[in-house]
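Residue numbers (the UniProt record's numbering): 1 to 74.
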């Protein structure tokens, strides 16, 4: 999977600084921040959801991924 960008709730910056720092380090320059309410609406359009059991506040994020096309020579 090739992650094109991540989308997270703006509230993560102040309510969960550890997760915010993780997102910034793993997806540097690729994170868009929107309100938590907007994030919940976006999630309704998701093609797949992975539940990790993470329980810290505002840890949900959306990973927008493209498709890797195979040349058939791998």
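Glycine is no exception: its CB is placed at the ideal position from the N, C-alpha and C atoms.
* To do: With DSSP as the reference, please indicate the residues paired to residue 5 in a beta bridge.
  => For the purposes of this step, residue 5 is identified with residue 5 of the chain shown, where counting begins at 1. DSSP output for residue 5 lists 64 as bridge partner(s).
* Please state if the CB of residue 33 and the CB of residue 50 are separated by a distance shorter than 9 Å. => Within the chain shown, numbered from 1, the residue matching residue 50 stands at position 50. Within the chain shown, numbered from 1, the residue matching residue 33 stands at position 33. The beta carbons of residue 50 and residue 33 sit no closer together than 9 Å.
* Around the C-beta of residue 68, are 16 or more other C-beta atoms found within 10 angstroms, so that it is buried, or is it exposed? -> The residue labelled residue 68 in the question sits at position 68 within the chain shown. Flag for residue 68 reads exposed.
* residue 42, buried or exposed, once every other Cβ within 10 Å from all chains shown has been counted against 16 -> By 1-based counting over the chain shown, the position of residue 42 is 42. Per the 10 Å Cβ criterion, exposed.
* To do: Helix, strand or coil for residue 22, going by three-state DSSP, please let me know.
  => Within the chain shown, the letter at position 22 stands for residue 22. Looking at residue 22 - three-state DSSP - the assignment turns out to be helix.
* **Cβ-based neighbour list, residue 46, same chain, cut-off 8 Å, excluding 5 preceding and 5 following** => Translated into the one-based positions of the chain shown, residue 46 becomes position 46. For residue 46, where only same-chain residues beyond five positions count, the Cβ hits under 8 Å are 62.
* Asked: In this structure, does DSSP put residue 42 in helix, strand or coil?
  -> On the chain shown, position 42 is the one that residue 42 refers to. Looking at residue 42 - three-state DSSP - the assignment turns out to be helix.
* Compare the Cα-Cα distances from residue 23 to each of 37, 38 and 6 and report the closest residue. => If you number the chain shown from 1, residue 23 lands on position 23. Here the closest residue by C-alpha is 6.
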